[in-house]
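*Asks:* Residue numbers (the working numbering): 2 to 468.
Dropping a structure here in structure tokens format, bear with me for questions.
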Ligand code: SF4
């Protein structure tokens with residue numbers, strides 16, 4: 002996927018004045034939020050399970066090398082072939098080699114965010130191979146030539162009317178806005194591709210070290226068709242997805258589906274363990290697993306390692322007021338929302354996504370809902386500090402932070418400056434005590450008035466109350 006995170010601010014400006022996107026995002030609103038809140042009440046000891054899930058992810062990451070080798074050994078023993086991709090380019094090269102050596106002309110894909118990282122569809126098409134997305138959201142976006150805007154609901158920014166128009170235009174069928182009818186239409190288009198494709202590509206939610214299995218958690222039947230109908234199946238997934246045992250998975254899955262879509266369990270939970278064996282009724286003749294690093298191992302052993310706990314539930318973006326207003330495309334890469342504000346700079350380089358860690362008020366809603374307790378605001382603060390230390394922020398911002406530090410380190414000066422500040426702001430607020438415009442801080446007042454302080458600092462009010 003083409004990176005545009007470096008122009009985050011102009012992306013945001015465009016998204017905020019896009020009336021269609023704004024309407025669609027409002028319509029999506031709190032649907033996932035409400036569903037999650039309702040279903041979480043079913044879970045006794047939710048906090049204990051979250052702590053256990055975080056500990057499982059930490060144990061997996063602390064011993065990632067040995068669990069990955071154990072996974073490889075088990076997967077090989079069950080007939081899968083394991084490939085290691087150090088970079089995004091390696092993913093595309095390995096995949097194309099497998100396809101070309103097997104005479105593959107058509108690929109059906111189920112959702113794989115890691116393949117978005119490497120721009121796989123463009124690469125295989127450049128190699129003369131057709132790639133067809135079969136997840137409904139991804140299929141819609143392929144027709145619209147757009148990247149996903151959410152990790153579990155990729156076409157969440159599209160309205161029913163837009164999808165109806167896309168289908169009618171691309172399928173040459175009468176326009177219809179009945180959702181079941183549109184789903185049927187997509188199925189009719191996709192079914193021949195499932196039957197004629199030589200290769201299926203899927204992501205993998207988890208890798209189980211003790212059995213060599215790939216686990217896929219999904220709500221659409223396309224996942225099972227992609228992984229069982231074509232004669233070759235390729236899983237593309239990140240190295241951080243490994244879990245030691247099936248027992249560990251049983252803890253994590255209780256949180257994943259509830260945090261993601263507000264379901265106790267999704268329609269399909271598939272465990273893929275090797276290719277078709279003698280006596281099996283279905284399954285691919287070849288099973289390949291591409292394990293992708295692409296920046297992940299750089300985070301191991303650093304304060305950013307906790308970001309690798311992520312189980313891609315999407316809850317942090319669903320609850321983020323910034324994501325709810327700007328949608329996923331503004332973030333400019335595969336992973337939007339709070340986790341994207343951390344993973345994108347970590348994977349593509351801080352200077353290429355400099356403004357993403359700033360795209361938060363640090364309200365903490367993301368951390369509160371994250372099932373594996375990733376301290377997202379803290380990690381954003383770490384990235385902010387790094388960008389300051391590396392001199393990547395604009396000179397005026399660095400200067401103002403230095404001035405602020407100088408004042409904040411001197412209590413008497415701080416008291417004097419804040420007294421002057423609140424009095425001036427109070428005067429500027431006039432009778433209504435509202436600030437319509439703050440020179441140099443337009444971001445605070447461009448879209449709304451800022452309440453002016455009443456003319457006294459907190460310290461003065463506190464002293465008065467005590468006396
Ligand atoms: S950071 Fe947490 S809440 Fe966000 S997608 Fe990952 S696991 Fe889910």
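Beta carbons are placed, not taken as given, at the ideal position from N, Cα and C, and that holds for glycine.
Keep in mind that this is a model prediction, so the values were computed, not measured.
Just checking residue 311 against ligand 1 - is the residue's beta carbon closer than 6 Å to any of the ligand's heavy atoms?
*Replies:* Indeed, a heavy atom of ligand 1 lies less than 6 Å from the Cβ.
*Asks:* At the level of alpha carbons, what is the spacing between residue 171 and residue 140?
*Replies:* The straight-line gap from Cα to Cα measures roughly 11 Å.
*Asks:* Measure from the alpha carbon of residue 149 to the alpha carbon of each residue in 386, 328, 352, 345, then state which is nearest.
*Replies:* The option with the nearest alpha carbon to residue 149 is 328.
*Asks:* From which residue to which residue does the beta strand (DSSP E) around residue 84 run?
*Replies:* Residues 82-86.
*Asks:* Are there any heavy atoms of ligand 1 lying less than 6 Å away from the beta-carbon of residue 53, as far as the coordinates show?
*Replies:* Not so, every heavy atom of ligand 1 lies at least 6 Å from the Cβ.
*Asks:* Here's a check: name, in chain order, each residue in its chain whose Cβ is nearer than 6 Å to the Cβ of residue 156, leaving out the five neighbours to either side.
*Replies:* Once the five neighbours on either side are set aside, the close Cβ partners of residue 156 are 138, 141, 142.
*Asks:* Give the DSSP-derived three-state secondary structure of residue 305 in the structure shown.
*Replies:* Three-state DSSP puts residue 305 in a helix.
*Asks:* When the distance is taken between beta carbons, is residue 295 closer than 7 Å to residue 5?
*Replies:* No, these two residues do not count as a Cβ contact at 7 Å.
*Asks:* Are residue 183 and residue 240 closer than 7 Å when you measure CB to CB?
*Replies:* No, they are not a contact pair.
*Asks:* Residue 23 lies in the alpha helix (DSSP H); which residues open and close that run?
*Replies:* Here the alpha helix (DSSP H) through residue 23 covers 20-29.
*Asks:* Measuring alpha carbon to alpha carbon, tell me which of 68, 423, 31 ends up nearest residue 245.
*Replies:* Per the Cα distances, 68.
*Asks:* Of all the options 346, 205, 458, which has the alpha carbon lying nearest to the alpha carbon of residue 115?
*Replies:* With distances taken between Cα atoms, residue 115 lies closest to 205.
*Asks:* Is the beta carbon of residue 416 less than 7 Å from the beta carbon of residue 436?
*Replies:* No, the Cβ-Cβ distance between residue 416 and residue 436 is not below 7 Å.
*Asks:* My understanding is that residue 266 touches residue 258, with C-beta atoms under 8 Å, so please give their C-beta distance in whole angstroms.
*Replies:* That pair is a contact at about 5 Å.
*Asks:* Residue ranges of each alpha helix (DSSP H) run of no fewer than 4 residues wholly in the stretch 397-449, ordered along the chain?
*Replies:* Qualifying alpha helix (DSSP H) stretches, in chain order: 412-429, 443-446.
*Asks:* Cα separation between residue 346 and residue 431?
*Replies:* Approximately 43 Å, taken between the alpha carbons.
*Asks:* Mind checking residue 459: buried by the 16 CB within 10 Å criterion, or exposed?
*Replies:* Its Cβ having fewer than 16 others within 10 Å, residue 459 is exposed.
*Asks:* Assign residue 200 to one of two classes, buried (16 or more other C-beta atoms within 10 Å of its C-beta) or exposed (fewer than that).
*Replies:* Under this definition residue 200 is a buried residue.
*Asks:* Classify residue 16 as helix, strand or coil using the three-state DSSP reduction.
*Replies:* Of the three classes helix, strand and coil, the one that applies to residue 16 here is helix, per DSSP.
*Asks:* Is the stretch 300-309 touching the stretch 97-116, taking contact as three or more C-beta pairs under 8 Å?
*Replies:* These segments do not touch.
*Asks:* Quick one: give me the first and last residue of the beta strand (DSSP E) that residue 234 is part of.
*Replies:* Residues 233-239.
*Asks:* At which residue ranges does the stretch 232-295 contain complete alpha helix (DSSP H) runs of 4 or more residues, listed in the order of the chain?
*Replies:* Taking only runs of at least 4 residues, the alpha helix (DSSP H) segments lying wholly in the stretch 232-295 are 247-262.
*Asks:* From residue 301 to residue 133, what distance separates their C-alpha atoms?
*Replies:* Straight-line Cα distance between these residues: approximately 34 Å.
*Asks:* Taking only the alpha-carbon atoms, compute the straight-line gap between residue 378 and residue 468 and give it to the nearest angstrom.
*Replies:* One C-alpha to the other measures close to 38 Å.
*Asks:* In the structure shown, what three-state DSSP assignment does residue 107 receive?
*Replies:* Three-state result, residue 107: strand.
*Asks:* Measuring CB to CB, does residue 252 end up less than 7 Å from residue 127?
*Replies:* No, the Cβ-Cβ distance between residue 252 and residue 127 is not below 7 Å.
*Asks:* If we count the other Cβ atoms within 10 Å of its Cβ and call it buried at 16 or more, is residue 213 buried or exposed?
*Replies:* Result: buried.
*Asks:* Tell me whether the beta-carbon of residue 319 lies closer than 7 Å to the beta-carbon of residue 33.
*Replies:* A contact, by the Cβ cut-off of 7 Å.
*Asks:* Taking the CB atoms as reference points, tell me whether residue 324 and residue 338 lie closer together than 7 Å.
*Replies:* Taking 7 Å as the Cβ cut-off, residue 324 and residue 338 qualify as a contacting pair.
*Asks:* Going by DSSP, name the residue or residues bridged to residue 207.
*Replies:* Looking at the DSSP assignment, residue 207 forms a beta bridge with 216.
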